[in-house]
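Okay, structure first, notes after.
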Amino acid sequence: MNHVSHAESVPAPLGLATGETLFEAGHSGPVWQLQSGALRLDQMDREGQRFVQLVLPGDLVGAEQLAASGYAHSARAIVPSVAVQRAVGGDAERRLLLAEALLGQLSRTGDLIALRTGTAQERLRHLLLLLSGAEPGWDEAVASQRALPTIKDVAAIIDTAPETVSRIFANLKRSHLLDGRQRQGARFSAARLREQVWPAGMTRSDGALRPLQLAEA
Numbered sequence: 001m002n003h004v005s006h007a008e009s010v011p012a013p014l015g016l017a018t019g020e021t022l023f024e025a026g027h028s029g030p031v032w033q034l035q036s037g038a039l040r041l042d043q044m045d046r047e048g049q050r051f052v053q054l055v056l057p058g059d060l061v062g063a064e065q066l067a068a069s070g071y072a073h074s075a076r077a078i079v080p081s082v083a084v085q086r087a088v089g090g091d092a093e094r095r096l097l098l099a100e101a102l103l104g105q106l107s108r109t110g111d112l113i114a115l116r117t118g119t120a121q122e123r124l125r126h127l128l129l130l131l132s133g134a135e136p137g138w139d140e141a142v143a144s145q146r147a148l149p150t151i152k153d154v155a156a157i158i159d160t161a162p163e164t165v166s167r168i169f170a171n172l173k174r175s176h177l178l179d180g181r182q183r184q185g186a187r188f189s190a191a192r193l194r195e196q197v198w199p200a201g202m203t204r205s206d207g208a209l210r211p212l213q214l215a216e217a
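Counting along the sequence shown from 1, when you hit position 92 you're at 92 in the UniProt record's numbering, and nothing is skipped either side.
The structure is reproduced here in structure tokens:
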């Protein structure tokens with residue numbers, strides 16, 4: 001469903017719970033800018049919803065309808081998120097919004113490649129690091145409790161099986177890189193996660209997993 005504020009002044013930011021839909025493909029509505037959290041954009045195909053892009057704070061979403069009819073994708077929160085409507089004025093402002101959205105998509109291209117190439121553990125690490133910056137005031141040197149997507153969402157985003165994601169999370173917990181893993185949250189330090197060398201065989205299910213080691217300076 002579409003969330004549209006009817007306030008006469010500037011619309012208030014819209015809070016989205018995990019799993020809540022901001023808008024659906026084919027519908028019309030405002031252009032949004034994500035303030036915090038993370039969204040996934042999905043495209044419907046014969047097998048159902050298919051992940052196409054990750055939306056992070058500062059990104060515009062839904063701007064494509066300024067040049068077409070309706071939203072091209074569906075947008076759903078994968079962690080608690082806040083979005084705000086962007087005002088659309090005359091033709092000049094519409095062109096600026098389209099240009100801003102295009103630049104934002106170009107900047108996300110590298111992230112999407114990193115989320116879809118390399119080993120599963122490398123892809124998951126990149127996703128966790130992206131999400132660690134999804135809210136203001138994050139000190140990556142300090143281990144803090146962070147909201148995480150569901151196993152199913154993580155698997156769709158990094159293009160692997162849910163069982164593989166579960167094994168990687170279990171290894172991270174055994175290695176004390178991830179503490180307090182719950183249904184949709186965990187405590188971790190982005191700085192420490194970034195410094196790790198990921199050993200081969202981390203996703204093996206036979207239990208013979210070597211602990212992660214710090215990268216040499």
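The beta carbon of each residue, even a glycine, is placed where N, CA and C say it ideally should be.
Work out the CA separation of residue j and residue i for me, nearest whole Å.
{"i": "ALA191", "j": "LEU131", "result": "13 Å"}
{"i": "MET44", "j": "LEU22", "result": "16 Å"}
{"i": "SER81", "j": "GLN53", "result": "16 Å"}
{"i": "SER189", "j": "GLY58", "result": "23 Å"}
{"i": "PRO11", "j": "GLY110", "result": "32 Å"}
{"i": "ARG194", "j": "THR18", "result": "26 Å"}
{"i": "PRO169", "j": "LEU178", "result": "It is Phe, not Pro, that sits at residue 169 in the sequence shown. Roughly 8 Å between the two C-alpha positions."}
{"i": "HIS126", "j": "TYR71", "result": "28 Å"}
{"i": "ALA101", "j": "LEU16", "result": "21 Å"}
{"i": "LYS173", "j": "SER166", "result": "11 Å"}
{"i": "PRO30", "j": "GLY89", "result": "12 Å"}
{"i": "THR160", "j": "GLU93", "result": "40 Å"}
In this structure, how does DSSP classify residue i when only helix, strand and coil are distinguished?
{"i": "VAL61", "result": "strand"}
{"i": "GLY104", "result": "helix"}
{"i": "SER74", "result": "strand"}
{"i": "GLY29", "result": "coil"}
{"i": "GLY110", "result": "helix"}
{"i": "ILE145", "result": "Looking at the sequence itself, residue 145 is Gln, so the reference to Ile does not match. Of the three classes helix, strand and coil, the one that applies to GLN145 here is strand, per DSSP."}
{"i": "ARG125", "result": "helix"}
{"i": "ARG116", "result": "helix"}
{"i": "ASP153", "result": "helix"}
{"i": "ALA215", "result": "The predicted position of ALA215 is uncertain, since its pLDDT is 34 and thus under 50; a value taken from the coordinates is nonetheless stated next. Here ALA215 sits in coil by DSSP."}
{"i": "ALA12", "result": "coil"}
{"i": "LEU177", "result": "coil"}
By Cβ distance below 6 Å, which residues in the same chain neighbour residue i in space, the five residues on each side in sequence not counted?
{"i": "VAL61", "result": "TRP32, VAL55 and ALA75"}
{"i": "GLU20", "result": "ALA77"}
{"i": "GLU24", "result": "SER74"}
Considering only residues of the same chain and omitting the five flanking positions on each side of residue i, which have a CB-CB separation below 7 Å?
{"i": "LEU98", "result": "ALA63, LEU66 and ALA67"}
{"i": "GLN35", "result": "PRO13, PRO57, VAL82, ALA83 and VAL84"}
With a 10 Å radius around its C-beta and 16 neighbouring C-beta atoms as the bar for buried, classify residue i as buried or exposed.
{"i": "SER28", "result": "exposed"}
{"i": "HIS176", "result": "exposed"}
{"i": "LEU103", "result": "exposed"}
{"i": "ALA77", "result": "buried"}
{"i": "ARG40", "result": "buried"}
{"i": "GLY37", "result": "buried"}
{"i": "ALA147", "result": "buried"}
{"i": "ARG95", "result": "exposed"}
{"i": "VAL79", "result": "buried"}
Original post:
Per the contact definition of three or more C-beta pairs closer than 8 Å, is the stretch 147–163 in contact with the stretch 82–101?
Top reply: no
**OP:** Check whether the stretch 116–125 touches the stretch 61–79, taking contact to mean three or more Cβ pairs, one atom from each stretch, closer than 8 Å.
**Re:** no
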